[in-house]
Amino acid sequence: MDYIRAFVVGGLICVIAQILMDKTKLTAGRILVSFVTIGVILGALNIYDFIIEFGKEGAAIPLPGFGYNLAKSTIKEVDKVGLLGAFTGGVKGGAGGISAAIVFGYIMSLIFNSKTKE
């Protein structure tokens, strides 16, 4: 049942992004930033906790999940070290995911020959 819930929640997030790309004039970059920002806001308000609890990794892996991770890491670090944690918490919390994205992106760029759209 966990797999089905993860699929539904992750799929719903992707469907919303696709609808925004198809039906609005928003660029992919603006949608990306909006999703991360929504994840930060919902994470800071403890609302995204319920979405994560229901959808598991289907909610944690997409862009709002990254924003949620940034918010929770920053809150945790501020509680631990004070104001300095507002600047270091998000970096510490997101370092693993960002590093993996860079490494795997580089590996894929070596394997595949990318071309720009015309």
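Going by the working numbering, the first residue of the sequence shown is number 485, and it counts up by one from there.
In this text, a Cβ means the ideal position worked out from N, Cα and C, and glycines have one as well.
Straight-line gap, residue i to residue j (C-alpha atoms, nearest Å)
{"i": "Leu-568", "j": "Ile-488", "result": "40 Å"}
{"i": "Lys-507", "j": "Asp-486", "result": "31 Å"}
{"i": "Thr-521", "j": "Ala-528", "result": "11 Å"}
{"i": "Leu-526", "j": "Ile-535", "result": "10 Å"}
{"i": "Lys-556", "j": "Phe-596", "result": "36 Å"}
{"i": "Ile-591", "j": "Ala-585", "result": "10 Å"}
{"i": "Ala-501", "j": "Thr-511", "result": "11 Å"}
{"i": "Ser-630", "j": "Glu-561", "result": "Because the chain in this structure spans residues 485 to 602, residue 630 falls outside the shown range and cannot be described."}
N- and C-terminal bounds of the alpha helix (DSSP H) containing residue i
{"i": "Leu-516", "result": "512-528"}
{"i": "Lys-564", "result": "547-565"}
Three-pair Cβ contact test at 8 Å for the segment 540-547 versus the segment 491-510: yes
contact_flag[the segment 511-518, the segment 557-566] where n(CB pairs < 8 Å) is 3 or more: no
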